[in-house]
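Heads up, the final residue of the sequence shown is numbered 491 in our numbering, and it's a clean run with no missing numbers.
By construction, the Cβ of each residue, glycine as well, lies at the ideal position given by its N, Cα and C atoms.
Worksheet for the structure shown next.
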Amino acid sequence: MAYRILAWFLRVVTRVFFRQVEVVGLEHVPRTGPVLFAGNHPNSLIDPILIITNCGRKVHFAAKDTLFKGRLMRAVLNGLGAVPIKRRDDHDGKPRDSQPNGLAPVDNDAAFTAMFAVLGEGGAIGIFPEGLSHDESQLARLKTGAARLALGGAQRTSQTIRIVPCGLTFIHPKRFRSRVLVQFGPPVEVAPARQNTADEVRELTTEIENALRRLTINAPDWETVRALDVVRRLYQPNEISIEDRVELARRFNAYYGAVAAEPRVVTLMQRVRAYQQKLDELGITDRELARDLSKLEVSARILRHLVLVAFWLPLTIPGAPLHVPPLAFARFAGPRLTPRKDVVATTKLLIGMLLVLAAYAGTVSLLWWKMGLPWAVLAAVILPMSGWATLRVLDRLRLVRRGLGTLFRRLRFRREVRALRTEREALVEDVIATVNAVKPADLAALFPPDHPDRLEESWRASRDADLDAELDKDAVEERLEEAEEAREG
């Protein structure tokens, strides 16, 4: 019961913190039997929360034992059935001459016994083979704990252990109200016949790594990730899902190393980086440039968002003093309370959640004391509704601010934007031609399955029609400008 309540509460928290949580691959998660969830680890405590709240199974996560020191965290982790694991970095063993590194090994026999018991009962264990959370541009070297747990569990329980890889991709890892993709891949099956030897452990660790790489974006550095993301946006069809965008980005990053030295690829990447630099200088995004909304269209969107803000705003008033200050403080304090970038989002989530809950508890208790139980119950119902309205208002205000920025830049940098849009059209042509030239022989190995005809005539016809419309619109605007200049002359 404690697990269900905590899981439900954490699901609500993640839906508040993230604007969109897209979950794919649930058909790969076995509904019964022993399962080991193995995920990448880019965002600290948010990672296990996302797996727990979206996998459909009760998951016992392995967590470093230092997290159990705080009373509140210990209560939460115990409620979620977490198993404490000792890490050598956290427990400097006493020097021992017989050890290769001069340190005594850390004893995790009790932890492994507890996890074997969960698997033996047909339960699910969660683990992050990378060990520590990190903000690198690719998977860290996997530790062998997941492989040893699966092999040992299969032998001890005489059951097949299914390792389900979990790919977590955050659009903006540190940002409040961002989006995240939670993806479950096909399971790696570990039969009882497999021996728990050093060679088998290494082989299974490699299998887990390959499975995780198929669900994550990996590149040598963040500059390459950003440049290839521009290529992906120039190449992809419009209005595709987060899953398809992430898959396309993953495949571009996976194949880039094999073609990076080719002259036409080098030239293309130089043009792409120069294009991104111009976007940065003008303060606009590729999406804004591609959509090419007229000033009237942008103004209409701003007006629509303002109307929705006016609709939601009265509902925010009852709880605004309890919601806005904690959110503002969490945004300000999150990056300043932790030196690690991969912990910023977790810090924001915890600060905002605890402050809002404390405010709710204080308000409800005060009303109960001063005005009686009915008013306290009414406040307990109204405050969450007001909080949801506050989120809607903040989302719409963000869109209004973006729209105003777009409108301002269209008015101030009209000629620069037009020139950059022409350059973008040329870049799209070059990206498609280059990708078509250097792509692997197996087309399906590179492109998302829902868009196998990315280079076919159906897309080209649509693109040419859009280009013709763009040219016609530019010609009309140029004539209007010439007429206006003639009148002024």
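Straight-line gap, residue i to residue j (C-alpha atoms, nearest Å)
{"i": "Gly-169", "j": "Leu-399", "result": "31 Å"}
{"i": "Ala-276", "j": "Ala-428", "result": "13 Å"}
{"i": "Leu-315", "j": "Val-309", "result": "10 Å"}
{"i": "Ala-149", "j": "Phe-11", "result": "32 Å"}
{"i": "Asp-344", "j": "Thr-171", "result": "13 Å"}
{"i": "Val-233", "j": "Lys-441", "result": "14 Å"}
{"i": "Glu-431", "j": "Gln-161", "result": "54 Å"}
{"i": "Phe-331", "j": "Ala-378", "result": "26 Å"}
{"i": "Pro-32", "j": "Glu-138", "result": "31 Å"}
{"i": "Glu-479", "j": "Ile-434", "result": "Annotation note: pLDDT 47 at Glu-479 (below 50); position unreliable, coordinate value reported separately. Near 29 Å, if we compare the C-alpha coordinates of Ile-434 and Glu-479."}
{"i": "Pro-44", "j": "Thr-218", "result": "11 Å"}
{"i": "Phe-70", "j": "Gly-407", "result": "46 Å"}
{"i": "Ala-443", "j": "Thr-269", "result": "22 Å"}
{"i": "Met-271", "j": "Arg-411", "result": "26 Å"}
{"i": "Tyr-258", "j": "Pro-239", "result": "20 Å"}
{"i": "Asp-223", "j": "Pro-320", "result": "47 Å"}
{"i": "Gly-27", "j": "Pro-167", "result": "10 Å"}
{"i": "Arg-143", "j": "His-136", "result": "11 Å"}
{"i": "Ile-129", "j": "Trp-390", "result": "33 Å"}
{"i": "Arg-76", "j": "Gln-278", "result": "46 Å"}
{"i": "Phe-254", "j": "Ser-243", "result": "17 Å"}
{"i": "Met-3", "j": "Gly-35", "result": "21 Å"}
{"i": "Pro-386", "j": "Pro-265", "result": "57 Å"}
{"i": "Gly-83", "j": "His-174", "result": "30 Å"}
{"i": "Val-326", "j": "Phe-313", "result": "18 Å"}
{"i": "Val-248", "j": "Glu-241", "result": "13 Å"}
{"i": "Gly-374", "j": "Leu-250", "result": "57 Å"}
According to DSSP, residues forming a beta bridge with residue i
{"i": "Ser-180", "result": "Phe-20"}
{"i": "Ala-64", "result": "Val-85"}
{"i": "Leu-170", "result": "Val-184"}
{"i": "Gln-164", "result": "Residue identity differs from the one stated: residue 164 is Arg in this sequence, not Gln. Note: Arg-164 sits in a beta bridge opposite Val-37, Glu-191."}
{"i": "Gly-128", "result": "Phe-39, Phe-63"}
{"i": "Val-15", "result": "Note: Val-15 sits in no beta bridge, so no partner."}
{"i": "Val-26", "result": "Gln-185"}
8 Å Cβ cutoff met for residue i and residue j
{"i": "Ala-361", "j": "Leu-422", "result": "no"}
{"i": "His-62", "j": "Phe-186", "result": "no"}
{"i": "Leu-52", "j": "Val-203", "result": "no"}
{"i": "Asp-397", "j": "Arg-21", "result": "yes"}
{"i": "Leu-141", "j": "Glu-245", "result": "no"}
{"i": "Leu-409", "j": "Ser-301", "result": "yes"}
{"i": "Glu-191", "j": "Arg-164", "result": "yes"}
{"i": "Arg-426", "j": "Leu-291", "result": "yes"}
{"i": "Leu-368", "j": "Val-18", "result": "no"}
{"i": "Val-437", "j": "Tyr-237", "result": "yes"}
{"i": "Leu-8", "j": "Gly-81", "result": "yes"}
{"i": "Val-395", "j": "Thr-340", "result": "no"}
{"i": "Asn-42", "j": "Val-184", "result": "no"}
{"i": "Thr-16", "j": "Val-25", "result": "no"}
{"i": "Ala-40", "j": "Pro-131", "result": "yes"}
{"i": "Leu-281", "j": "Val-419", "result": "no"}
Own chain partners of residue i with C-beta closer than 7 Å, once the 5 adjacent residues on each side are dropped
{"i": "Ala-335", "result": "Ile-353"}
{"i": "Ile-87", "result": "Ala-64, Ala-65, Lys-66, Asp-67, Asn-110, Ala-113"}
{"i": "Thr-146", "result": "Val-203, Thr-207"}
{"i": "Lys-350", "result": "Phe-178, Ala-332, Arg-333, Gly-336"}
{"i": "Val-120", "result": "His-62, Ile-127"}
{"i": "Leu-508", "result": "Nothing in the structure corresponds to residue 508, since the chain is present only between 3 and 491."}
Beta-carbon proximity list for residue i, same chain, < 6 Å, skipping 5 on both sides
{"i": "Ile-48", "result": "Ala-347, Thr-348"}
{"i": "Ser-46", "result": "Ser-135, Asp-344, Val-345, Thr-348"}
{"i": "Gly-405", "result": "Val-300, Arg-303, Ile-304"}
Spatial neighbours of residue i in its chain, beta-carbon cut-off 8 Å, leaving aside the 5 residues before and after
{"i": "Val-402", "result": "Ile-304, His-307, Leu-308, Val-311"}
{"i": "Met-117", "result": "His-62, Ala-64, Val-85, Ile-127, Leu-151, Gly-155"}
{"i": "Leu-413", "result": "Lys-297"}
{"i": "Tyr-5", "result": "Lys-60, Gly-81, Leu-82, Gly-83"}
Residue from the options whose Cα sits closest to the Cα of residue i
{"i": "Arg-59", "options": "Gly-124, Val-78, Met-117, Asn-42", "result": "Gly-124"}
{"i": "Arg-416", "options": "Ile-286, Val-78, Lys-176", "result": "Ile-286"}
{"i": "Arg-342", "options": "Trp-390, Ala-77, Lys-176, Gln-157", "result": "Lys-176"}
{"i": "Thr-199", "options": "Pro-188, Gln-157, Leu-375, Ala-213", "result": "Gln-157"}
{"i": "Pro-50", "options": "Leu-134, Arg-228, Ala-213", "result": "Leu-134"}
{"i": "Pro-189", "options": "Leu-214, Asp-282, Ile-173", "result": "Leu-214"}
{"i": "Val-383", "options": "Leu-79, Val-366, Val-14", "result": "Val-366"}
{"i": "Thr-226", "options": "Val-274, Ala-381, Leu-281, Pro-327", "result": "Val-274"}
{"i": "Pro-328", "options": "Glu-299, Leu-359, Thr-424", "result": "Leu-359"}
{"i": "Asn-220", "options": "Val-248, Arg-228, Ala-256", "result": "Ala-256"}
Residue i beta carbon near the ligand ZN (any heavy atom closer than 7 Å)
{"i": "Ala-193", "result": "In terms of ligand content, the structure shown is empty, and the ligand ZN therefore cannot be addressed."}
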